[in-house]
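J.:
In our numbering, the protein residues as written are 19 to 825.
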C-alpha cells in the first residue's frame with residue numbers, strides 16, 4: 019500500500035524542488051523586475067512634482083506703554099496655548115489668506131501644455147493678459163491661446179453654455195467678447211515660438227479665478243501648526259505644483275497675519291479714544307455752563323468766597339454731593355452697560371468708565387472676559403456659519419457671561435440705590451442747616467460745587483486719553499518671521515528613492531509569490547524518489563532527457579551506444595533480472611497514464627538494448643487507437659495486430675524486421691472500431707503462445723491506462739509490467755493509477771520507469787538518482803566514462819548558465 023496520500027499541493031518543503039522551480043521562473047523574475055522598473059520610471063517621468071514651501075513665525079507682543087505708565091498685571095502681552103491656537107485658526111482663515119492672495123498676481127494663472135503634464139508659468143509667462151470680466155461663467159474655465167505670429171493670436175474661450183468659440187484677435191489691443199474683454203501683451207516671442215514648435219498646437223492657456231476659488235483650492239494644501247510651544251513658533255506650510263508660487267503664498271500669509279494683528283489691536287485703542295473724546299465733549303459743555311453760571315452769579319451778587327462760618331457745613335455738603343454725583347454717574351453707567359449688553363454693542367468704551375469705579379476688579383474682569391468671548395465668536399464666524407456647533411457653544415458661553423454681569427450690575431445698583439438714599443438724606447439734613455445761610459451764599463456754593471465736579475471729571479478724562487494715546491503708540495508687535503519660504507527646493511513628491519524601492523520590492527514580491535504559488539501547486543513528478551513516497555511499486559530506473567531532437571525512428575541506443583541515455587536503458591535491462599530471472603520467453607507490457615509520457619519511446623529502446631544483448635525481441639503495437647510503432651520504424655501500417663486478431667492475416671505475414679539484428683515488430687494495423695474486444699480475443703493468447711516460441715522477449719506497447727482500459731488484461735498477464743512516468747510532465751495524481759493497477763487490477767511485479775529526467779540534475783547532485791527496490795542501485799557521473807563527445811562535461815561558464823537557467 020502507498021505510504022503517503024497524493025495531495026494536489028506540496029505539503030512538505032523541498033529546497034531542491036524550490037530551487038528548481040525558481041530557476042525555471044527566472045525569466046518571469048526578470049520580466050517582473052523590468053516591469054517594476056518601467057512602472058517606476060513612468061511614475062517619476064509623468065507624475066507632476068509636488069513642492070512644499072514653509073515659513074516660520076515667532077509670536078510675541080511688547081507693550082512699551084506699560085513701561086511709561088508703570089502699569090502691572092492685567093495683560094503682560096504674553097502668549098498661552100489658547101492664544102496660539104486662536105492665532106493658528108486666524109492664519110488659515112479666509113480673512114488672512116484672501117488678504118495675502120490680494121497681494122500676489124494669482125488672479126490669472128498661466129500654463130504651458132507639455133506632452134503629458136501641464137506647467138504653471140507663475141511669474142515666468144512669455145505673455146501677459148489684462149481682463150475685464152463681463153460674465154462670471156468664464157471663471158475657472160481654460161482659455162486656450164495660440165500665437166499665429168507676433169501680431170495675431172487665436173483664442174479658444176467658453177461661451178457659457180458648454181460651447182467654445184475660436185477667434186483670431188490682434189495683440190496689444192483690447193479684445194471685446196461676450197464673456198470678457200482681453201488685452202494680450204507678448205513679452206518673449208522667441209520662447210513662445212520654440213514651445214509652440216515642439217507641441218504644434220494649444221501650447222498655452224490661462225485660467226481666470228476669484229480669490230474665493232483660489233482659497234478653496236488652497237484650503238487642503240495649507241497647513242498651519244505650532245512648531246514649538248515653548249518658543250511660541252508657528253510653521254506655515256503650503257503644497258503645490260509650482261515652488262515659486264507656493265513660496266510667495268506662504269510668505270504673503272505670514273506678512274498679512276502680522277499686519278492684521280497690528281490693525282486689529284490698534285482698532286481697539288482707537289475705539290476707546292473715540293469714546294473718551296465723545297465723553298470729553300459732553301463734560302466740556304457741562305463744565306462751560308457751570309463756569310458761566312458761577313461767574314454770572316459772582317458778578318451779579320458780587321460774591322467772591324463763602325463765609326468762614328459756614329465753611330465746615332459747605333465742605334460737608336460738597337463731599338456728600340460729590341459722592342451722590344459719583345453714585346448717580348455709576349448708576350447711569352451701569353444702565354448704559356445693561357442696554358449695550360442686550361444690544362451686543364462694542365463694550366470697549368466702558369472699560370475706561372468702569373476703571374476707578376467701586377467694583378473695578380470684579381466688573382472690569384467680567385467685561386474683559388465677555389469682550390474676549392465676543393472676539394472669539396467673530397473669528398469663528400469667519401470660518402463657520404451661525405448654525406455650527408462651535409458657534410452655538412461660544413454663544414451659549416457669551417449669554418452665560420452676560421447673565422453673570424447683569425446679576426452683578428443688579429447687585430451693584432441695589433447697593434448704589436441704598437447708598438444714594440442715605441446720601442440724599444444726609445444732603446437734606448445739611449442743606450436744612452445751610453438754610454440759615456443767606457441764599458446768595460448757598461447758591462454760590464451750589465454753583466461752585468457743580469463746577470468743581472465737572473472740572474475734576476474733565477481732568478480725569480484728559481488723563482485717561484493721554485494714557486490710551488501712549489498705549490496706542492507703544493503697541494509694538496513682536497511677531498517675527500524667523501524663516502522665509504524658499505522656492506528653489508527639491509520636490510517632496512514623487513519620492514524617487516521610495517518609488518523605485520517600492521516598485522522593485524513589489525516586483526520582487528510578485529515574482530517570489532509566483533514562485534511560491536507554483537511551488538505549492540506544482541504537481542509534476544521530478545524524481546524517482548518522489549514516486550517512492552506514494553507507491554510500493556518497484557522503481558526500475560530513470561531515462562535521461564535527450565537533449566537533441568529525437569529521430570523519427572525513436573531508436574537511440576543504436577545511434578550512440580556509449581551515451582548516457584543508452585547506459586540508462588542498459589541499466590534498466592539489468593534491473594529486469596531482479597523482477598523475473600526464470601528461464602523461458604517473457605512478456606513485457608509497457609503502459610502509461612496518458613499519451614506523451616514516452617511509452618512507445620521506452621518500449622522501442624528497451625527492445626533495442628535487449629536485442630543488443632543477443633536476445634530475440636518482438637514489439638507488438640497494441641495501442642490500436644493511436645498507433646506509433648510503424649512511425650518509429652518508418653513502415654506502412656496496412657497489416658498488423660488488428661488484422662491478426664480478426665484472423666485476416668497470419669503472424670508471420672505481419673512480422674517486420676528492423677535494421678537492428680534480433681529486433682522485430684508487428685504494427686497496430688488499420689484502426690479497428692473495437693480495439694478492447696480484439697485484445698481480449700482468444701486469438702491474442704494464441705498469438706502470445708506462438709511468439710514465445712520464436713522470441714525471448716515479447717514487448718507489448720499497450721494503450722495508456724489513464725485514458726482507456728484496453729491494455730489491462732495484457733498488463734495483468736505480463737512478466738514485466740512497466741509503467742512509464744515522465745519527469746516534469748506526469749502529475750503526482752497519476753501515481754494513484756499505479757496503485758489502482760496493483761490493488762484493484764491485481765497487477766503483480768509492476769515497475770516504474772521515470773522518463774525524461776534532466777541530465778543536469780543527475781550530474782550535479784540535485785537528488786534525482788534512483789534506487790531499485792531489489793537491492794541494486796545505479797548512479798551517473800562524469801567520471802564513469804559512458805558517453806560520446808556530445809556528452810562531455812560543461813565548462814565553467816556552461817555550469818553558471820546551467821545553475822541560472824537549468825538548461
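Positions of the beta carbon are idealized from the N, C-alpha and C atoms, including for glycine. Note that the coordinates shown come from a computational prediction; the quantities given were computed from them, not determined experimentally.
1) Inspect the beta-carbon positions of residue 625 and residue 679 and report whether they are closer than 8 Å.
2) In terms of alpha-carbon separation, which member of 562, 191 and 380 lies closest to residue 168?
3) Helix, strand or coil, according to DSSP, for residue 545 in the structure here?
4) Tell me whether the beta-carbon of residue 751 lies closer than 8 Å to the beta-carbon of residue 541.
5) Please classify residue 303 as buried or exposed, where buried requires at least 16 neighbouring CB atoms within 10 angstroms.
6) Tell me the DSSP secondary structure of residue 878 in three-state form.
7) Could you check if residue 442 is buried or exposed, using at least 16 other CB atoms within 10 Å of its CB as the buried criterion?
8) Could you round the C-beta distance between residue 647 and residue 686 to whole angstroms and report it? I think they count as a contact, below 8 Å.
9) Taking only three categories from DSSP, how would you classify residue 581?
10) From residue 130 to residue 267, what does the alpha carbon distance come to, in whole angstroms?
11) Consult DSSP for residue 104 and reduce its assignment to one of helix, strand or coil.
12) In the DSSP assignment, what are the bridge partners of residue 243?
13) Could you check whether the segment 135-144 touches the segment 260-277, counting it as contact only if at least three pairs of C-beta atoms, one from each stretch, sit closer than 8 Å?
14) Whole-angstrom Cβ separation of residue 469 and residue 284, contact assumed at under 8 Å?
15) Any idea if residue 400 is buried or exposed, counting beta-carbon neighbours within 10 angstroms, 16 or more meaning buried?
16) So the alpha helix (DSSP H) residue 60 belongs to, where does it begin and stop?
17) Is the separation between the beta-carbon of residue 172 and that of residue 186 shorter than 8 Å?
18) Please list the terminal residues of the continuous beta strand (DSSP E) segment that includes residue 871.
19) Can you find the residues in the same chain that come closer than 8 Å, C-beta to C-beta, to residue 537, ignoring five residues on each side of it along the sequence?
20) On the DSSP bridge list, what partners appear for residue 639?
21) Tell me residue 185's beta-bridge partners as DSSP assigns them.
22) Buried or exposed, going by whether 16 or more other CB atoms sit within 10 Å of the CB of residue 64?
23) Measure the C-alpha to C-alpha separation of residue 398 and residue 519 and round it to an integer number of angstroms.
24) What's the C-alpha gap between residue 256 and residue 174?
25) Which runs of the beta strand (DSSP E) spanning at least 3 residues fall entirely within the segment 655-713, listed in chain order?
26) For the beta strand (DSSP E) containing residue 826, list its first residue and its last residue.
27) Mapping the DSSP letters down to three states, classify residue 508 as helix, strand or coil.
28) For residue 547 and residue 650, I'd like the C-alpha separation in whole angstroms.
29) According to the Cβ coordinates, are residue 563 and residue 704 closer than 8 Å?
30) Using 8 Å as the threshold, is the segment 666-684 in touch with the segment 633-645, meaning 3 or more CB pairs across them?
31) For residue 716, which residues from the same chain have a beta carbon less than 6 Å from its beta carbon, with the 5 sequence-adjacent residues on both sides left out?
32) Keeping to the same chain, check which residues put their C-beta closer than 8 Å to that of residue 225; ignore five residues upstream and five downstream.
33) Reducing DSSP to helix, strand and coil, say where residue 744 ends up.
34) Rounding to the nearest angstrom, what Cα-Cα distance links residue 431 and residue 421 in this structure?
35) Which whole-angstrom value describes the C-beta separation of residue 669 and residue 663, a residue pair presumed to lie in contact below a C-beta threshold of 8 Å?
36) Could you work out which residue in 70, 54 and 61 is closest to residue 506 when comparing CA atoms only?
T.: Let me lay it out:
1) The residue you call residue 625 lines up with position 607 of the chain shown. The residue you call residue 679 lines up with position 661 of the chain shown. Not closer than 8 Å, so no.
2) Residue 168 sits at position 150 when you count from the first residue of the chain shown. Of 562, 191 and 380, the residue nearest in Cα terms is 191.
3) By 1-based counting over the chain shown, the position of residue 545 is 527. In this structure, residue 545 counts as coil in the three-state DSSP scheme.
4) By one-based count along the chain shown, residue 751 stands at place 733. By one-based count along the chain shown, residue 541 stands at place 523. For residue 751 and residue 541, yes; Cβs fall inside 8 Å.
5) As a working note, residue 303 is residue 285 in the chain shown. It counts as exposed.
6) Nothing in the structure corresponds to residue 878, since the chain is present only between 19 and 825.
7) Reading the chain shown from its first residue, position 424 is the one you call residue 442. Exposed, by the Cβ-count rule.
8) As a first step, residue 647 is located in the chain shown; it is residue number 629 there, counting from the start. As a first step, residue 686 is located in the chain shown; it is residue number 668 there, counting from the start. Yes, they are in contact, since the Cβ atoms of residue 647 and residue 686 sit about 7 Å apart, within 8 Å.
9) Within the chain shown, numbered from 1, the residue matching residue 581 stands at position 563. Residue 581 falls in the coil class under three-state DSSP.
10) Indexing the chain shown from 1 puts residue 130 at position 112. Indexing the chain shown from 1 puts residue 267 at position 249. Using only the alpha carbons, I get a separation of about 21 Å.
11) Counting from one through the chain shown, the residue named residue 104 turns up at place 86. Note: residue 104 maps to helix in three-state DSSP.
12) Mapped onto the chain shown, residue 243 falls at position 225. Per DSSP, 253.
13) yes
14) What you label residue 469 is simply residue 451 of the chain shown in a count that begins at 1. What you label residue 284 is simply residue 266 of the chain shown in a count that begins at 1. That pair is no contact at about 37 Å.
15) Counting from one through the chain shown, the residue named residue 400 turns up at place 382. Its Cβ having fewer than 16 others within 10 Å, residue 400 is exposed.
16) Locating residue 60 in the chain shown gives position 42, counting from the first residue. That run of the alpha helix (DSSP H) goes 44-64.
17) Taking the chain shown and counting its residues from 1, the one referred to as residue 172 is at position 154. Taking the chain shown and counting its residues from 1, the one referred to as residue 186 is at position 168. In contact: residue 172 and residue 186 (Cβ atoms closer than 8 Å).
18) One cannot answer for residue 871 here, as it falls past the ends of the chain, which runs 19 to 825.
19) The residue you call residue 537 lines up with position 519 of the chain shown. Here the set comprises 28, 35, 36 and 39.
20) Here residue 639 refers to the residue found at position 621 of the chain shown. Its beta-bridge partners are 719.
21) Counting from 1 along the chain shown, the entry for residue 185 is found at position 167. According to DSSP, which records beta bridges pairwise, residue 185 is partnered with 173.
22) As a first step, residue 64 must be located in the chain shown, where it is residue number 46. Exposed, since its Cβ has fewer than 16 Cβ neighbours within 10 Å.
23) Locating residue 398 in the chain shown gives position 380, counting from the first residue. Locating residue 519 in the chain shown gives position 501, counting from the first residue. Distance between the alpha carbons of residue 398 and residue 519: 45 Å.
24) The count along the chain shown starts at 1 and reaches residue 256 at position 238. The count along the chain shown starts at 1 and reaches residue 174 at position 156. Taking the straight line from one Cα to the other gives about 32 Å.
25) 681-684
26) With the chain covering 19 to 825 only, the question about residue 826 has no answer from this structure.
27) In the chain shown, the residue the question calls residue 508 occupies position 490. Coil at residue 508, not helix or strand.
28) Position 529 of the chain shown, counted from the start, is the residue given in the question as residue 547. Position 632 of the chain shown, counted from the start, is the residue given in the question as residue 650. Going by the C-alpha atoms only, they are around 30 Å apart.
29) Position 545 of the chain shown, counting from 1, holds the residue named residue 563. Position 686 of the chain shown, counting from 1, holds the residue named residue 704. In this structure, residue 704 does not lie closer than 8 Å to residue 563 by Cβ.
30) yes
31) The residue labelled residue 716 in the question sits at position 698 within the chain shown. Cβ within range, chain order: 605, 636 and 709.
32) Counting from one through the chain shown, the residue named residue 225 turns up at place 207. These residues qualify, in order along the chain: 126, 127, 129, 158, 159, 160 and 161.
33) Position 726 of the chain shown holds residue 744. Correct three-state label for residue 744: strand.
34) As a working mapping, residue 431 is identified with position 413 in the chain shown. As a working mapping, residue 421 is identified with position 403 in the chain shown. Rounded to whole angstroms, residue 431 to residue 421 spans 15 Å at the Cα level.
35) For the purposes of this step, residue 669 is taken as residue 651 along the chain shown, with counting starting at 1. For the purposes of this step, residue 663 is taken as residue 645 along the chain shown, with counting starting at 1. Contact flag wrong, Cβ pair sits at about 11 Å.
36) The count along the chain shown starts at 1 and reaches residue 506 at position 488. Selected option, being the one with the closest Cα: 70.
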